[in-house]
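Student: For the sequence shown, counting from 1, position 394 maps to 575 in this note's numbering; every step adds exactly one. For every residue, glycine included, the Cβ atom is placed at its ideal position computed from N, Cα and C. Please read all numbers here as calculations on a predicted model, not as lab measurements.
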Amino acid sequence: MGWRLAALGKCEEGLPSLSFREILRRVAPLIRPYAKYVYAAAAATVLRLLLNLAIPVLMGLLIDSAMGGSFGELTSLSLVFLGCAAAYWWVGYARAYFMIVAGQSLVRDLRAALLDKLLRARIEVLSKEEVGRLVSRVMNDVDVIGDAFTGGLIDAVADAITMVGALAVMVTISSRLTLVVLPLLPAVLLINYHLAAKARKTFRMARKAVAKVTAKVEQEVSGAAVVKTYVRRRDINEREFEEVSKESVSLNVEAAKVVSSVDLLMSVMRALGIAAILYVGGVLVLGGEMTVGTIVAFYGYLSMFFRPLQTLAMFFNSIQSALAAAERVTELLKAEEEEGGALRSPVKGYVELRNVHFGYERNLPVIKGVSLEVKPGELVAIVGPTGSGKSTLAKLLLRFYDPWSGEILLDGRRVDEYDLSYLRRVIAYVPQEPAVISGKVYDNLVA
Ligand SMILES: Nc1ncnc2c1ncn2[C@@H]1O[C@H](COP(=O)(O)OP(=O)(O)OP(=O)(O)O)[C@@H](O)[C@H]1O
Ligand SMILES: [Mg+2]
Numbered sequence: 182m183g184w185r186l187a188a189l190g191k192c193e194e195g196l197p198s199l200s201f202r203e204i205l206r207r208v209a210p211l212i213r214p215y216a217k218y219v220y221a222a223a224a225a226t227v228l229r230l231l232l233n234l235a236i237p238v239l240m241g242l243l244i245d246s247a248m249g250g251s252f253g254e255l256t257s258l259s260l261v262f263l264g265c266a267a268a269y270w271w272v273g274y275a276r277a278y279f280m281i282v283a284g285q286s287l288v289r290d291l292r293a294a295l296l297d298k299l300l301r302a303r304i305e306v307l308s309k310e311e312v313g314r315l316v317s318r319v320m321n322d323v324d325v326i327g328d329a330f331t332g333g334l335i336d337a338v339a340d341a342i343t344m345v346g347a348l349a350v351m352v353t354i355s356s357r358l359t360l361v362v363l364p365l366l367p368a369v370l371l372i373n374y375h376l377a378a379k380a381r382k383t384f385r386m387a388r389k390a391v392a393k394v395t396a397k398v399e400q401e402v403s404g405a406a407v408v409k410t411y412v413r414r415r416d417i418n419e420r421e422f423e424e425v426s427k428e429s430v431s432l433n434v435e436a437a438k439v440v441s442s443v444d445l446l447m448s449v450m451r452a453l454g455i456a457a458i459l460y461v462g463g464v465l466v467l468g469g470e471m472t473v474g475t476i477v478a479f480y481g482y483l484s485m486f487f488r489p490l491q492t493l494a495m496f497f498n499s500i501q502s503a504l505a506a507a508e509r510v511t512e513l514l515k516a517e518e519e520e521g522g523a524l525r526s527p528v529k530g531y532v533e534l535r536n537v538h539f540g541y542e543r544n545l546p547v548i549k550g551v552s553l554e555v556k557p558g559e560l561v562a563i564v565g566p567t568g569s570g571k572s573t574l575a576k577l578l579l580r581f582y583d584p585w586s587g588e589i590l591l592d593g594r595r596v597d598e599y600d601l602s603y604l605r606r607v608i609a610y611v612p613q614e615p616a617v618i619s620g621k622v623y624d625n626l627v628a
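Below, the structure written as structure tokens:
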């Protein structure tokens, strides 16, 4: 895998800043419970590979025996061929099954781990990011990782082995024909490497453009009632939407153009390869140095050798997005969690603030040296202009945030000594913005 990542590093900007090892270290434990499925899928992949490699040779033998062998040989070869084809199908089915079980289990666990993390993370982690982005990590990013894991990774390894295997068989069958097609290899690599890099770049830009359109739609829909009332604003919004849409269309067209040019160039290369082996092979057959079956078998391996080059180029794309997704997910997985103490002693409700300083952003204090005392049973109203920090005081008491300096005490003990869920249970908090949890009214009141 090393060279692929290194190659990516050369042609990709905005690569994950976390090391591959760090990403692996966090994601690997989630895969471990399903290791047996991964191994089973890998074993099935190897088996399928061997069967795949056997098929062109069998086809060549079949053709040669049809052209000059015995009836018995033809029949037994046909049966072996059928057996291999059936086994190929069955093994492919098993492989897909194991891969999907492993991948989907990984997706489920990763999602559960993320959701758990989100619920335990410090509130800064949540408020720093837009909700949409966090949801996107839990849903889209995890899907991308799952896809790359099931679709990309095992296939890419299998593809690489297929290429080496096919080349080895090609050399064994006919080193002369191999020499004829080998000069195409640098051209093929160049096309794939260069154009695939370009395609990735365009695709990424296109994805960003689509994200902009999505954000715009989201903005429009959530502010629909307001936008409706301002006709001028509506016109501006429509114009802005048209602009981002236009950008998205042209970038997507550009990306598709690059991809189809890769496909077309590869088809041309393949056609050149086929023409070359048919011509040189034909000359050899005419001279009695080669059988038709050998050409057919060789042709089979040639396409087997070329196909993975294309899928590997696609794999670059999927591993690139998966790495980026894995980085975002890992970043969230290591987000700081809320930590509380162990204190769970009964509380009377004696609240004391001593010279508390706090702000949401560095150098932007909101609470500047507040001290106050509230005795049990006392009713205190804190009054102040909007934005003066009233809600912030309540949030500090509940430890959604910790003060920069000063102390907040409940019954004479610092609030951070209390067990977090206990602290939040003994303080009734009615937030300024109502939040309704789906379920019964009762659940909303007591849960
Ligand atoms: N999550 C946050 N991130 C950054 N700044 C914040 C955040 N929450 C509040 N602030 C800022 O902190 C200041 C105090 O906000 P706070 O909500 O405590 O005010 P308030 O007194 O409750 O106002 P209101 O009367 O409108 O409810 C404001 O300037 C607000 O913009
Ligand atoms: Mg408030």
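For GLU554, name the three-state secondary structure that DSSP assigns.
Tutor: Looking at GLU554 - three-state DSSP - the assignment turns out to be strand.
Student: Restricting to Cα atoms, I'd like to know which of VAL547, VAL282, THR359, VAL306 is closest to ALA575.
Tutor: VAL547
Student: Any idea if ILE204 is buried or exposed, counting beta-carbon neighbours within 10 angstroms, 16 or more meaning buried?
Tutor: buried
Student: Residue range of the beta strand (DSSP E) that SER586 falls in?
Tutor: 586–591
Student: Would you say VAL547 touches ligand 1, meaning its beta carbon is less than 7 Å from a heavy atom?
Tutor: The answer is yes for VAL547.
Student: From what residue to what residue does the beta strand (DSSP E) around VAL537 run?
Tutor: 532–539
Student: Within 8 Å, do at least three Cβ pairs link the region 530–539 to the region 334–341?
Tutor: no
Student: By DSSP, does ALA302 sit in helix, in strand, or in coil?
Tutor: DSSP places ALA302 within a strand segment (E or B) once states are collapsed to three.
Student: In angstroms with no decimal places, state the Cα-to-Cα distance between VAL561 and LYS549.
Tutor: 20 Å
Student: Closest to SER484 by C-alpha separation, out of ILE236, TYR218, ALA223, would be which residue?
Tutor: ILE236
Student: Buried or exposed: which applies to ALA188, given that a residue is buried once 16 or more other Cβ atoms fall within 10 Å of its Cβ?
Tutor: Its pLDDT being 33, under 50, ALA188 is placed unreliably in this model, and the value from its coordinates should be taken loosely. Answer is exposed; the Cβ neighbour count stays below 16.
Student: So, helix, strand or coil for ILE548, using DSSP?
Tutor: strand
Student: Could you give the uninterrupted runs of the alpha helix (DSSP H) lying entirely in the region 261–311, keeping only those of 4 residues or more?
Tutor: Counting only runs of 4 or more, we get 304–309.
Student: Select from GLY468, VAL391, GLY481 the residue whose C-alpha is nearest the C-alpha of LEU242.
Tutor: GLY481
Student: Going by C-alpha to C-alpha distance, which of PHE539, PHE384, GLY332, ILE563 sits closest to SER429?
Tutor: PHE384
Student: Hey, how far is the Cα of GLY190 from the Cα of GLY273?
Tutor: With a pLDDT of 32 at GLY190, under the threshold of 50, the modelled position of this residue cannot be trusted; read the value that follows with caution. Cα-Cα distance, rounded: 33 Å.
Student: State the Cα-Cα distance for the pair SER200 and ALA436, rounded to the nearest angstrom.
Tutor: 28 Å
Student: Could you tell me which of VAL528, THR359, PHE330, LYS397 sits nearest to ILE458, measuring between CA atoms?
Tutor: THR359
Student: Identify which residue in THR226, GLU310, GLY250, ARG357 has its Cα closest to the Cα of TYR269.
Tutor: For the residues THR226, GLU310, GLY250, ARG357, the minimum Cα distance to TYR269 belongs to THR226.
Student: Using 8 Å as the threshold, is the C-beta distance between ASP290 and THR472 below it?
Tutor: Cβ atoms of ASP290 and THR472: not closer than 8 Å.
Student: When we look at the beta-carbon of GLU614 and count the other beta-carbons within 10 Å, is it buried (16 or more) or exposed?
Tutor: exposed
Student: At the level of alpha carbons, what is the spacing between TYR623 and SER317?
Tutor: 31 Å
Student: Using only the heavy atoms of ligand 2, determine whether one of them is closer than 7 Å to the beta carbon of LYS571.
Tutor: yes
Student: How would you call ALA347, buried or exposed, if buried means at least 16 neighbouring beta carbons within 10 angstroms?
Tutor: buried
Student: If you draw a straight line from the C-alpha of ALA390 to the C-alpha of GLY404, how long is it?
Tutor: Using only the alpha carbons, I get a separation of about 21 Å.
Student: Considering Cα atoms alone, identify which of PRO557, ILE563, TYR582, GLU554 is closest to TYR541.
Tutor: Residue TYR582 is the option with its Cα nearest to TYR541.
Student: Could you tell me the alpha carbon to alpha carbon distance between ALA378 and ALA505, rounded to whole angstroms?
Tutor: 16 Å
Student: So if DSSP puts GLU542 in a beta bridge, which residue, or which two residues, is it bridged to?
Tutor: LEU545
Student: How would you call GLU419, buried or exposed, if buried means at least 16 neighbouring beta carbons within 10 angstroms?
Tutor: exposed
Student: Are there any heavy atoms of ligand 1 lying less than 7 Å away from the beta-carbon of GLY550, as far as the coordinates show?
Tutor: no
Student: I need the straight-line Cα distance from TYR220 to MET450, nearest angstrom please.
Tutor: 36 Å
Student: Would you identify the three-state DSSP class for GLU428, choosing helix, strand or coil?
Tutor: helix
Student: Considering only residues of the same chain and omitting the five flanking positions on each side of PHE487, which have a CB-CB separation below 8 Å?
Tutor: VAL369, MET447, MET450, ARG451, GLY454
Student: Ligand 1 heavy atoms versus the CB of THR567: any closer than 7 Å?
Tutor: Yes, since a heavy atom of ligand 1 falls inside the 7 Å radius drawn around the Cβ of THR567.
Student: Tell me which residues share the same chain as PRO197 and place their Cβ nearer than 8 Å to its Cβ, disregarding the 5 neighbours each side in the sequence.
Tutor: Confidence in PRO197 is poor, its pLDDT being 49 and thus under 50, which makes the residue's placement unreliable; the coordinate value appears in the next sentence. Answer for PRO197: ILE204, LEU504, ALA505, ALA507, GLU508, listed in chain order.
Student: VAL407: buried (16+ other C-beta within 10 angstroms of its C-beta) or exposed?
Tutor: Exposed, since its Cβ has fewer than 16 Cβ neighbours within 10 Å.
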